[in-house]
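**Q** Using our numbering, the letters of the sequence shown map in sequence onto residues 1 to 399.
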Amino acid sequence: MRRPAPRLLEWSAVPAPRRAHPPAHRTKANPVSESPSTPDAPVIDEASIGAAVDAALAAIAAATTTADLKAVRIAHTGDAALLSRANRAIKDLPKDQKAAAGKLVGQGKGRVQKELAARQQVLAAAEEEAALAAETVDVTLPTDRRPRGAAHPLTTLQDRIEDFFVGIGWEIAEGPEIESEWMNFDALNADPEHPSRSLQDTLYVAPEGSGMLLRTQTSPVQIRAMLERGAPLYVACPGTVFRADEIDATHSPVFHQVEGLAIDKGLTMAHLVGTLDALAAHLFGGAPITRLRPNHFPFTEPSAEMDFRCFRCDARLGLDHDADPACRVCGGTGWIEMGGCGMVHPNVLRAAGVDPEEYQGFAFGLGIERILMLRNSVADMRDMVEGDVRFSQHYGTEI
Ligand SMILES: [Zn+2]
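1) Have a look at LEU213 and GLN393 and give me their C-alpha separation to the nearest angstrom.
2) Does the beta-carbon of GLU179 have 16 or more other beta-carbons within 10 angstroms, so that it is buried, or is it exposed?
3) The beta strand (DSSP E) with PRO220 in it runs from where to where?
4) Going by the beta-carbon positions, is the gap between TRP170 and ALA236 smaller than 9 Å?
5) Select from ARG88, THR64, ALA56 the residue whose C-alpha is nearest the C-alpha of ILE74.
6) Just the C-alpha distance for ARG309 and LEU317, rounded to the nearest angstrom, thanks.
7) When the Cα atoms are used, what is the spatial distance from PHE391 to PHE185?
8) Starting from the Cα of PRO356, find the closest Cα among GLU127, LEU267, HIS152, THR143 and give me that residue.
9) Where DSSP assigns a beta bridge to ILE172, which residues make up the other side?
10) Tell me whether ASP324, by its Cβ, gets closer than 8 Å to a heavy atom of ligand 2.
11) Measuring from the CB of ALA315, is there a heavy atom of ligand 1 at a distance below 8 Å?
12) Residues in its own chain within less than 7 Å of GLY102 by CB, not counting five upstream and five downstream?
13) Report yes if the CB atom of HIS256 is closer than 9 Å to the CB atom of GLU369, and no otherwise.
14) Does the separation of the CB atoms of GLY313 and VAL329 fall below 9 Å?
15) Along the chain, where does the alpha helix (DSSP H) containing PRO346 start, and where does it finish?
16) Residue ranges of each beta strand (DSSP E) run of no fewer than 3 residues wholly in the region 186-220, ordered along the chain?
17) How far does the alpha helix (DSSP H) with GLY365 in it reach, from first residue to last?
18) Identify whether HIS282 lies in helix, strand or coil by the three-state DSSP scheme.
19) In whole angstroms, what is the alpha-carbon distance linking VAL53 and ARG88?
20) Where does ARG119 land, buried or exposed, given buried means 16+ other C-beta within 10 angstroms?
21) So what does ASN295 bridge to, in DSSP terms?
22) Hey, is GLY318 close to ligand 1, as in C-beta under 8 Å from one of its heavy atoms?
23) Rounded to the nearest angstrom, what separates LEU188 and LEU261 at their Cα positions?
24) Less than 9 Å separating the beta-carbons of GLU305 and GLU259?
25) Given this structure, state the Cα-to-Cα distance separating PRO325 from ALA249, to the nearest angstrom.
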């Protein structure tokens, strides 16, 4: 591409700018308008004042909105307008000319003001009428009576639980709902005869012996996270799980869990309890007190059942306050059973490719339905799965 030759001398070729309009020539023929103390004083005679008034009246007539008219008012009666400048110049006129000039300018200004006021009234009335017409509501129109949907309360609660984990720096992990038996049981250290593998408990995918099932827990997501990400690892795994249960007030074949898994160097049960305390406070408020009771799970060692301090009765105030014997949330015990937890079994770490000599981990799992039932006083689990929009609207519209 050719570039234009440089024109280095261009600066010197540009002539100095000249004034487009030389200063106005002041004529001695109009001594009335001239005064050394008011250099911008306009000519005050019938012709110039008449022309200014005519221009103002024409502009007023041409204004079609009150906003237009405001601009006209500023242009023709504002400080810089000819009529205003003429008015200011009167005081500097010779005495014998002041009266005539005052009358001329005063009458002109009066006409303009009067027209402005009249036009303002007309335009404002028209605008008000237009606004009223635009805002008219036809009360005879039928309303839209279709009820609005809402997020399901379980979804809203799951979001809140995820918020908690994201807030403490954990990641949210998801996995498939159709899972291999190995992921769901073997990798989690469940022996081949473990009762939870039976057809009475677990929904297997046909054909028989396919080795595939509907996951009975979200724990396989923990295995997948360890295999994919390695240690250290901090993940929460919320999701839908399936059991071969009949639906009743407290059971459902489809429900939701959230599990937490932390893998790092030097983790202990104290870290587990601290995390659960914070989660309890986030979900229920009240005193963040977690109690662990020894239990057995194949995938953790040691294992424990976790109880949260009741958030409803006096028990929430601390261990030195007794529970209300009639409390429907804790049954008068002061404690709410929340789920299982423990330190991740070394066999589980090995199955997921993590060296148990180097890393330790803790894990826990809670049922989201159970949290919703406790937190929002939902008495019957069937209400959650029937799909009645009134249930969602009642619990699901929290902000
Ligand atoms: Zn209670």
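Even for Gly, the Cβ is constructed at its ideal location relative to N, Cα and C.
**A** Here's the rundown:
1) Taking the sequence shown and counting its residues from 1, one reaches residue 213 at position 213. Taking the sequence shown and counting its residues from 1, one reaches residue 393 at position 393. For LEU213 and GLN393, the distance between alpha carbons rounds to 34 Å.
2) Within the sequence shown, numbered from 1, the residue matching residue 179 stands at position 179. Buried, since its Cβ has 16 or more Cβ neighbours within 10 Å.
3) In the sequence shown, residue 220 corresponds to position 220, counting from 1. Here PRO220 belongs to no beta strand (DSSP E); instead the alpha helix (DSSP H) covers 219-229.
4) The residue given as residue 170 occupies position 170 in the sequence shown. The residue given as residue 236 occupies position 236 in the sequence shown. Contact: yes.
5) For the purposes of this step, residue 74 is taken as residue 74 along the sequence shown, with counting starting at 1. That would be ALA56, whose Cα lies nearest to the Cα of ILE74.
6) Working through the sequence shown from its first residue, we reach residue 309 at position 309. Working through the sequence shown from its first residue, we reach residue 317 at position 317. In a straight line, the C-alpha of ARG309 is about 9 Å away from that of LEU317.
7) For this step, residue 391 is matched to residue 391 along the sequence shown. For this step, residue 185 is matched to residue 185 along the sequence shown. About 35 Å.
8) The residue you call residue 356 lines up with position 356 of the sequence shown. It is LEU267.
9) If you number the sequence shown from 1, residue 172 lands on position 172. Answer is ALA236, bridged to ILE172.
10) Judged by which ligands are present, ligand 2 is missing from the structure shown, whose ligands are ligand 1.
11) Within the sequence shown, the letter at position 315 stands for residue 315. Yes.
12) Working through the sequence shown from its first residue, we reach residue 102 at position 102. Result list for GLY102: ILE90, in chain order.
13) Here residue 256 corresponds to residue number 256 of the sequence shown, with the count starting at 1. Here residue 369 corresponds to residue number 369 of the sequence shown, with the count starting at 1. Against a cut-off of 9 Å, the Cβ pair of GLU369 and HIS256 comes out as a contact.
14) Sequence index remark: in the sequence shown, residue 313 carries index 313 (1-based). Sequence index remark: in the sequence shown, residue 329 carries index 329 (1-based). Per the sequence presented here, residue 313 reads as Cys, with Gly not at that position. Yes, they are a contact pair.
15) Against the sequence shown, residue 346 aligns to sequence position 346. 346-351 is the extent of the alpha helix (DSSP H) around PRO346.
16) 212-214
17) Residue 365 sits at position 365 when you count from the first residue of the sequence shown. Where GLY365 is concerned, there is no enclosing alpha helix (DSSP H), although the beta strand (DSSP E) it sits in stretches over 360-367.
18) Taking the sequence shown and counting its residues from 1, one reaches residue 282 at position 282. Here HIS282 sits in helix by DSSP.
19) Here residue 53 corresponds to residue number 53 of the sequence shown, with the count starting at 1. Here residue 88 corresponds to residue number 88 of the sequence shown, with the count starting at 1. Each residue's alpha carbon lies about 16 Å from the other.
20) On the sequence shown, position 119 is the one that residue 119 refers to. Buried is the call here.
21) Reading the sequence shown from its first residue, position 295 is the one you call residue 295. BP columns for ASN295 point to SER303.
22) As a position in the sequence shown, residue 318 is number 318, starting the count at 1. No, ligand 1 has no heavy atom inside 8 Å of this Cβ.
23) In the sequence shown, counting from the first residue as 1, residue 188 sits at position 188. In the sequence shown, counting from the first residue as 1, residue 261 sits at position 261. Approximately 13 Å, taken between the alpha carbons.
24) On the sequence shown, residue 305 is found 305 positions in, with the first residue counted as 1. On the sequence shown, residue 259 is found 259 positions in, with the first residue counted as 1. Not closer than 9 Å, so no.
25) Here the question's residue 325 lines up with position 325 in the sequence shown. Here the question's residue 249 lines up with position 249 in the sequence shown. One C-alpha to the other measures close to 23 Å.
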